[in-house]
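There are 2 protein chains.
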Amino acid sequence: VPLSARSLTSAGVLLELIRTGRANTRSELANVTGLARTTVAQRLVTLFAHNFVIEAGGVPSTGGRPPAFLAFNSRVGVILAADLGATRARLAVSDLAGAPLAERTLEVDLRQGPAPVLERVEAAFRDLLEQVGRGAADVRGVGIGVPAPIALDRGAPIAPPLMPGWNRFPIQAWFQERHDAPVLVDNDVNVLALGEHRTYWRNVENLLYVKVDAGIGCGIVAGGQIHRGENGGAGDIGHIRLAGHEEIQCPCGNVGCLEAVAGGPAIAARLTRAGVEASTTQDVVQLALAGDRQAVHEIRATGRHLAEVLAFCVTCFNPSAIIIGGDVAAAHEQLLAGMREMIFKRSLPGSAAELRVVRGRLGDRAGVIGAALMVAEVVLTPESIDQAVEREPARLQSA
Amino acid sequence: VPLSARSLTSAGVLLELIRTGRANTRSELANVTGLARTTVAQRLVTLFAHNFVIEAGGVPSTGGRPPAFLAFNSRVGVILAADLGATRARLAVSDLAGAPLAERTLEVDLRQGPAPVLERVEAAFRDLLEQVGRGAADVRGVGIGVPAPIALDRGAPIAPPLMPGWNRFPIQAWFQERHDAPVLVDNDVNVLALGEHRTYWRNVENLLYVKVDAGIGCGIVAGGQIHRGENGGAGDIGHIRLAGHEEIQCPCGNVGCLEAVAGGPAIAARLTRAGVEASTTQDVVQLALAGDRQAVHEIRATGRHLAEVLAFCVTCFNPSAIIIGGDVAAAHEQLLAGMREMIFKRSLPGSAAELRVVRGRLGDRAGVIGAALMVAEVVLTPESIDQAVEREPARLQSA
Numbered sequence: 041v042p043l044s045a046r047s048l049t050s051a052g053v054l055l056e057l058i059r060t061g062r063a064n065t066r067s068e069l070a071n072v073t074g075l076a077r078t079t080v081a082q083r084l085v086t087l088f089a090h091n092f093v094i095e096a097g098g099v100p101s102t103g104g105r106p107p108a109f110l111a112f113n114s115r116v117g118v119i120l121a122a123d124l125g126a127t128r129a130r131l132a133v134s135d136l137a138g139a140p141l142a143e144r145t146l147e148v149d150l151r152q153g154p155a156p157v158l159e160r161v162e163a164a165f166r167d168l169l170e171q172v173g174r175g176a177a178d179v180r181g182v183g184i185g186v187p188a189p190i191a192l193d194r195g196a197p198i199a200p201p202l203m204p205g206w207n208r209f210p211i212q213a214w215f216q217e218r219h220d221a222p223v224l225v226d227n228d229v230n231v232l233a234l235g236e237h238r239t240y241w242r243n244v245e246n247l248l249y250v251k252v253d254a255g256i257g258c259g260i261v262a263g264g265q266i267h268r269g270e271n272g273g274a275g276d277i278g279h280i281r282l283a284g285h286e287e288i289q290c291p292c293g294n295v296g297c298l299e300a301v302a303g304g305p306a307i308a309a310r311l312t313r314a315g316v317e318a319s320t321t322q323d324v325v326q327l328a329l330a331g332d333r334q335a336v337h338e339i340r341a342t343g344r345h346l347a348e349v350l351a352f353c354v355t356c357f358n359p360s361a362i363i364i365g366g367d368v369a370a371a372h373e374q375l376l377a378g379m380r381e382m383i384f385k386r387s388l389p390g391s392a393a394e395l396r397v398v399r400g401r402l403g404d405r406a407g408v409i410g411a412a413l414m415v416a417e418v419v420l421t422p423e424s425i426d427q428a429v430e431r432e433p434a435r436l437q438s439a
Numbered sequence: 041v042p043l044s045a046r047s048l049t050s051a052g053v054l055l056e057l058i059r060t061g062r063a064n065t066r067s068e069l070a071n072v073t074g075l076a077r078t079t080v081a082q083r084l085v086t087l088f089a090h091n092f093v094i095e096a097g098g099v100p101s102t103g104g105r106p107p108a109f110l111a112f113n114s115r116v117g118v119i120l121a122a123d124l125g126a127t128r129a130r131l132a133v134s135d136l137a138g139a140p141l142a143e144r145t146l147e148v149d150l151r152q153g154p155a156p157v158l159e160r161v162e163a164a165f166r167d168l169l170e171q172v173g174r175g176a177a178d179v180r181g182v183g184i185g186v187p188a189p190i191a192l193d194r195g196a197p198i199a200p201p202l203m204p205g206w207n208r209f210p211i212q213a214w215f216q217e218r219h220d221a222p223v224l225v226d227n228d229v230n231v232l233a234l235g236e237h238r239t240y241w242r243n244v245e246n247l248l249y250v251k252v253d254a255g256i257g258c259g260i261v262a263g264g265q266i267h268r269g270e271n272g273g274a275g276d277i278g279h280i281r282l283a284g285h286e287e288i289q290c291p292c293g294n295v296g297c298l299e300a301v302a303g304g305p306a307i308a309a310r311l312t313r314a315g316v317e318a319s320t321t322q323d324v325v326q327l328a329l330a331g332d333r334q335a336v337h338e339i340r341a342t343g344r345h346l347a348e349v350l351a352f353c354v355t356c357f358n359p360s361a362i363i364i365g366g367d368v369a370a371a372h373e374q375l376l377a378g379m380r381e382m383i384f385k386r387s388l389p390g391s392a393a394e395l396r397v398v399r400g401r402l403g404d405r406a407g408v409i410g411a412a413l414m415v416a417e418v419v420l421t422p423e424s425i426d427q428a429v430e431r432e433p434a435r436l437q438s439a
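Below, the structure is given as structure tokens:
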């Protein structure tokens with residue numbers, strides 16, 4: 041029972057039935073809802089007037105005129121989505137089903153602070169909107185993924201190690217001032233996990249998405265939904281303590297944290313000490329891609345460190361799959377090979393029996409696709425649709 | 041949208057609206073469902089005929105006769121619930137809201153194997169039924185918690201270390217042969233977690249219930265639901281490796297497992313080596329309750345070991361609360377004191393900021409109450425109610 045909807049059979053609920061394929065004709069809608077045909081017809085008038093529903097040809101019938109097939113019009117509006125990385129932002133204008141209509145990559149440096157970065161993102165959003173022939177009124181939501189812990193109620197990073205200058209900056213409010221639509225901001229690993237789950241892993245209920253980059257973090261899908269925990273901190277595995285590395289101080293205040301031992305900058309520092317010049321995660325990636333023996337060795341070690349922590353997560357959480365992403369993970373197959381072996385060795389046989397440990401299939405598009413889907417799922421709830429229908433006079437634009 | 045119900049406004053859905061207090065008069069039901077008054081009345085006739093609904097006086101009104109207040113009749117049937125422990129079984133006959141009508145505790149020894157133990161449980165169920173004046177036809181479901189990993193599809197323990205002789209024994213089928221009602225079997229920590237959550241912690245979405253006894257395990261509530269993981273293995277924290285204890289072999293095949301270091305038998309063995317005679321978890325508990333210095337010292341150490349693993353779980357899962365239960369936990373306050381300190385020291389400040397670490401409030405009744413609630417939630421789904429209504433002619437028994 042969707043407690044959020046105005047009624048169990050509101051216009052928003054009817055749209056959900058149509059959108060999810062549970063009822064696609066007037067008579068199916070009447071059967072599933074128990075409503076009278078005339079009531080179904082009234083609610084469809086509203087949904088048609090707002091362009092949420094279109095008639096899409098007929099369905100096979102045993103004779104006579106086929107009943108009209110009702111479909112969700114995912115082009116009734118668009119979503120602006122961005123996945124901000126330390127050095128690169130992926131942007132998209134997507135339809136309301138989360139499918140990108142136009143995409144762009146920007147080179148950015150998050151250390152410049154919020155204003156210059158977000159201005160460039162916003163300018164690129166305007167370009168992309170123009171490119172697909174849409175305007176401000178078409179924007180139904182904005183979704184942003186950032187590599188930082190996020191206070192979900194305010195959409196602001198909290199003490200983000202990779203984003204000095206962004207602490208408590210209200211990213212949500214910043215976009216809200218510029219768009220008359222819901223704005224959602226979340227940790228990058230959560231949107232990455234959502235993107236992969238909704239695209240390729242819908243048939244499993246529980247998975248972990250692990251990003252291995254300058255930072256190390258994990259997005260959790262539990263029971264088909266993103267698990268954020270009590271204050272958005274779930275999956276922060278970069279700060280789990282690795283045994284035997286207590287001499288390494290982590291900026292978080294603890295010692296021996298996974299991220300301080302195995303994140304990109306930590307690898308770069310070890311390479312430099314070993315005589316191989318490297319200062320950033322990108323340097324490490326370039327060296328590994330070029331086959332540098334020392335860099336590959338370090339990435340293999342990172343795989344083992346990760347696996348020690350992930351074995352713990354597997355025993356705790358018993359997921360169906362672990363999806364690996366991030367630049368360091370992409371740099372060399374050795375990471376995954378080392379991880380797989382150690383995870384299976386350390387986990388309980390039962391909990392790892394059918395576990396799959398694989399690379400993400402969406403690559404570095406997972407975040408921007410996930411950010412759009414995060415917004416789509418919120419703006420298409422029956423409650424949101426009911427509110428949209430009540431708030432505005434019907435938009436009689438052509439679909 | 042409850043995909044499981046026959047329709048969005050079936051009799052089963054109406055019962056859910058009534059039961060959860062969302063609609064308790066005929067006109068509220070019509071408003072919430074969008075159904076015509078006559079349709080609401082038809083479905084209520086069915087629910088009344090099956091005794092699922094009763095009229096319970098009037099509600100305040102501004103004048104005239106008050107509309108009849110509709111209430112769920114939780115006494116329409118009963119649930120048989122049992123929480124099997126290594127040496128003690130707690131049993132109850134509960135109403136359909138999960139409230140115990142009669143309870144009993146049996147001394148058992150699970151090592152005797154399934155047949156003798158389950159026969160005694162079944163005999164006690166029959167006694168309890170008689171005690172509350174109910175018969176076989178009143179039993180709407182059976183719920184059993186056992187201290188073992190469970191294959192949920194078959195309700196059978198899988199390689200249970202504390203229950204030799206029970207491996208793959210079909211507990212579910214055993215009770216199913218004796219009762220014409222759904223039988224659910226689950227790991228004890230899951231029913232413990234459910235019992236505490238539904239009774240005292242409904243306002244939080246995420247909690248861990250940690251049982252510290254002969255075995256150590258953890259029940260997880262994520263997003264308000266029990267998180268079992270891909271094959272029921274979630275929360276098996278007794279088999280997470282403690283750093284620095286690699287010399288201790290665990291029966292599971294790994295080394296240094298939390299349970300092998302800090303479970304009841306491990307403590308007893310260390311006490312014996314230190315010259316204090318102890319062979320079982322109960323011995324340890326008795327010694328600690330009597331204030332034996334060595335036993336209290338060991339229990340404090342157990343608290344620290346647990347905390348090391350739980351700090352990891354807190355960082356991973358970011359729960360609102362950790363509830364501690366089990367005999368070892370009950371034996372001495374030192375366990376909790378040591379745990380709290382270490383969990384907060386080791387966890388990320390953000391994820392532990394508002395964490396509560398407390399004893400379970402239901403004590404050793406949590407399991408049997410949780411087992412009843414687990415069954416209640418399944419037999420009262422709209423789908424189950426709709427099936428019950430269709431399957432049988434109306435039971436016109438008095439409520």
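Read top to bottom, the protein sequences are chains A and B. Letter by letter, the first sequence follows residues 41 to 439 of my numbering. Letter by letter, the second sequence follows residues 41 to 439 of my numbering. We treat Cβ as the ideally placed atom computed from N, Cα and C, and that holds for glycine.
Compare the Cα-Cα distances from Val-93 (chain A) to each of A:Arg-180, A:Gly-52, A:Arg-77 and report the closest residue. Locating residue 93 (chain A) in the first sequence gives position 53, where the first residue counts as 1. Selected option, being the one with the closest Cα: A:Gly-52.
Considering only heavy atoms of the ligand COA, does any lie closer than 6 Å to the CB of Ala-81 (chain B)? The ligand content of the structure shown is nil, which means the ligand COA is not present either.
Any beta-carbon of chain B closer than 7 Å to the one on Val-41 (chain A)? Taking the first residue of the first sequence as position 1, residue 41 (chain A) is located at position 1. For Val-41 (chain A), the predicted model reports a pLDDT of 37, less than 50, meaning its position is unreliable and no value from the coordinates is stated.
Under the three-state reduction of DSSP, which class applies to Phe-209 (chain A): helix, strand or coil? Against the first sequence, residue 209 (chain A) aligns to sequence position 169. Correct three-state label for Phe-209 (chain A): coil.
Beta-ladder partner(s) of Cys-297 (chain A), from DSSP: For this step, residue 297 (chain A) is matched to residue 257 along the first sequence. A:Arg-281, per the DSSP bridge assignment.
Output the residue ranges of the alpha helix (DSSP H) runs that lie fully inside the segment 150-208 of chain B and measure 4 residues or longer, sorted by chain position. 154-171
Check whether the Cβ of Asn-358 (chain B) lies closer than 7 Å to any Cβ atom in chain A. Counted from its first residue, the second sequence places residue 358 (chain B) at position 318. Closer than 7 Å: yes.
Step through the CB atoms of chain A and report whether any lies within less than 7 Å of the CB of Glu-286 (chain B). On the second sequence, residue 286 (chain B) is found 246 positions in, with the first residue counted as 1. It does not: the Cβ of Glu-286 (chain B) has no partner Cβ on chain A nearer than 7 Å.
Can you round the beta-carbon distance between Gly-343 (chain A) and Gly-304 (chain A) to whole angstroms, since I take them to be within the 8 Å contact cut? As a working note, residue 343 (chain A) is residue 303 in the first sequence. As a working note, residue 304 (chain A) is residue 264 in the first sequence. About 14 Å separates the two Cβ atoms, so there is no contact after all.
Note down, one range per segment and in chain order, each alpha helix (DSSP H) of at least 4 residues found wholly within the segment 349-413 of chain B. 367-371, 373-386, 389-392
Quick check: the Cα distance between Asn-207 (chain A) and Gly-153 (chain A), rounded to an integer number of angstroms? Taking the first sequence and counting its residues from 1, the one referred to as residue 207 (chain A) is at position 167. Taking the first sequence and counting its residues from 1, the one referred to as residue 153 (chain A) is at position 113. Taking the straight line joining both Cα atoms gives about 10 Å.
If you measure beta-carbon to beta-carbon, which residues of the segment 373-386 of chain A are closer than 8 Å to chain B? Arg-386
Tell me the rounded alpha-carbon separation between Val-250 (chain B) and Leu-69 (chain B). Translated into positions along the second sequence, residue 250 (chain B) becomes position 210. Translated into positions along the second sequence, residue 69 (chain B) becomes position 29. Whole-angstrom Cα-Cα distance: 41 Å.
Answer with yes or no whether the minimum CB distance from Asn-246 (chain B) to chain A is below 7 Å. As a position in the second sequence, residue 246 (chain B) is number 206, starting the count at 1. Interface residue, yes.
Let me know if Glu-299 (chain A) comes out buried or exposed under the rule of 16 or more other beta-carbons within 10 Å of its beta-carbon. Position 259 of the first sequence, counted from the start, is the residue given in the question as residue 299 (chain A). Result: buried.
At what residues does the alpha helix (DSSP H) containing Leu-248 (chain B) begin and finish? On the second sequence, position 208 is the one that residue 248 (chain B) refers to. Counting along the chain, Leu-248 (chain B) falls outside any alpha helix (DSSP H), though it belongs to the beta strand (DSSP E) covering 247-252.
Contact with chain A by Leu-75 (chain B), beta-carbon distance below 7 Å: Counted from its first residue, the second sequence places residue 75 (chain B) at position 35. Closer than 7 Å to some Cβ of chain A, the Cβ of Leu-75 (chain B) qualifies, so yes.
Of all the CB atoms in chain A, is at least one closer than 7 Å to the CB of Cys-290 (chain B)? The residue given as residue 290 (chain B) occupies position 250 in the second sequence. No, Cys-290 (chain B) does not count as interfacial toward chain A.
In whole angstroms, give me the CA-to-CA distance for Ala-439 (chain A) and Asp-426 (chain A). Translated into the one-based positions of the first sequence, residue 439 (chain A) becomes position 399. Translated into the one-based positions of the first sequence, residue 426 (chain A) becomes position 386. With a pLDDT of only 38 at Ala-439 (chain A), under 50, the local geometry of the prediction cannot be trusted, and the value read off the model is given with reservation. Near 19 Å, if we compare the C-alpha coordinates of Asp-426 (chain A) and Ala-439 (chain A).
Contact list for Asn-243 (chain A) against chain B, beta-carbon separation under 8 Å: Numbered from 1 along the first sequence, position 203 holds the residue referred to as residue 243 (chain A). Near Asn-243 (chain A) there are no residues of chain B at all, since even the closest Cβ is about 12 Å away, more than 8 Å.
Report buried or exposed for Val-157 (chain A), applying the criterion of at least 16 other Cβ atoms within 10 angstroms of its Cβ. Here the question's residue 157 (chain A) lines up with position 117 in the first sequence. Burial call: buried.
Since Gly-24 (chain A) is in the beta strand (DSSP E), which residue starts that stretch and which ends it? Lying before the first or after the last residue shown, residue 24 (chain A) is absent from chain A, which here runs from 41 to 439.
Given 8 Å, three or more beta-carbon pairs between the segment 279-298 of chain A and the segment 224-236 of chain A: no
Selected residue, minimal CA-CA separation from Gly-257 (chain B), among A:Phe-209, A:Val-161, A:Phe-357, A:Ala-177: Here residue 257 (chain B) refers to the residue found at position 217 of the second sequence. Ranking A:Phe-209, A:Val-161, A:Phe-357, A:Ala-177 by Cα distance to Gly-257 (chain B) puts A:Phe-357 first.
Alpha carbon of Leu-350 (chain B) to alpha carbon of Glu-286 (chain B), nearest angstrom: Here residue 350 (chain B) refers to the residue found at position 310 when the second sequence is read from its first residue. Here residue 286 (chain B) refers to the residue found at position 246 when the second sequence is read from its first residue. Each residue's alpha carbon lies about 19 Å from the other.
When you check each C-beta in the segment 151-163 of chain A against every C-beta of chain B, which residues fall closer than 9 Å? none
Would you call the segment 114-134 of chain A and the segment 178-186 of chain A in contact, with 3 or more CB pairs under 8 Å? yes
Taking the beta carbon of Arg-281 (chain A) as the centre, do at least 16 other beta carbons fall within 10 Å, making it buried, or is it exposed? Reading the first sequence from its first residue, position 241 is the one you call residue 281 (chain A). It counts as buried.
What does Ile-280 (chain A) touch in chain B if you count any residue whose Cβ is under 8 Å from its own? Looking up residue 280 (chain A) in the first sequence gives position 240. The contacting residues are Phe-352, Thr-355, Cys-356.
Count the other C-beta atoms from every protein chain shown that fall within 10 angstroms of the C-beta of Thr-60 (chain A), then say buried if there are 16 or more, exposed otherwise. Locating residue 60 (chain A) in the first sequence gives position 20, counting from the first residue. Classification for Thr-60 (chain A): exposed.
Beta-carbon within less than 7 Å of Gln-171 (chain A)'s beta-carbon, same chain only, minus the 5 sequence neighbours each way: which residues are those? The residue given as residue 171 (chain A) occupies position 131 in the first sequence. Hits under 7 Å: Ala-142.
Flag this pair as yes or no: are the beta carbons of Ala-416 (chain A) and Gly-195 (chain A) separated by less than 7 Å? Locating residue 416 (chain A) in the first sequence gives position 376, where the first residue counts as 1. Locating residue 195 (chain A) in the first sequence gives position 155, where the first residue counts as 1. The answer is no: Cβ separation not under 7 Å.
Thinking C-alpha only, which one of A:Asp-220, A:Gly-366, A:Ala-274 is nearest Val-398 (chain A)? Working through the first sequence from its first residue, we reach residue 398 (chain A) at position 358. Of A:Asp-220, A:Gly-366, A:Ala-274, the residue nearest in Cα terms is A:Gly-366.
Specify the secondary structure class of Gly-343 (chain A) as computed by DSSP and reduced to three states. Walking along the first sequence from the start, residue 343 (chain A) turns up at place 303. DSSP places Gly-343 (chain A) in helix when its eight states are reduced to three.
Taking Cβ positions only, does Val-415 (chain A) come closer than 7 Å to chain B? Stepping through the first sequence from its first residue, residue 415 (chain A) is reached at position 375. No, Val-415 (chain A) lies away from the interface with chain B (no Cβ there is under 7 Å from its Cβ).
Could you pull the DSSP bridge partners for Arg-144 (chain A) from this structure? Mapped onto the first sequence, residue 144 (chain A) falls at position 104. Partner(s): A:Leu-131.
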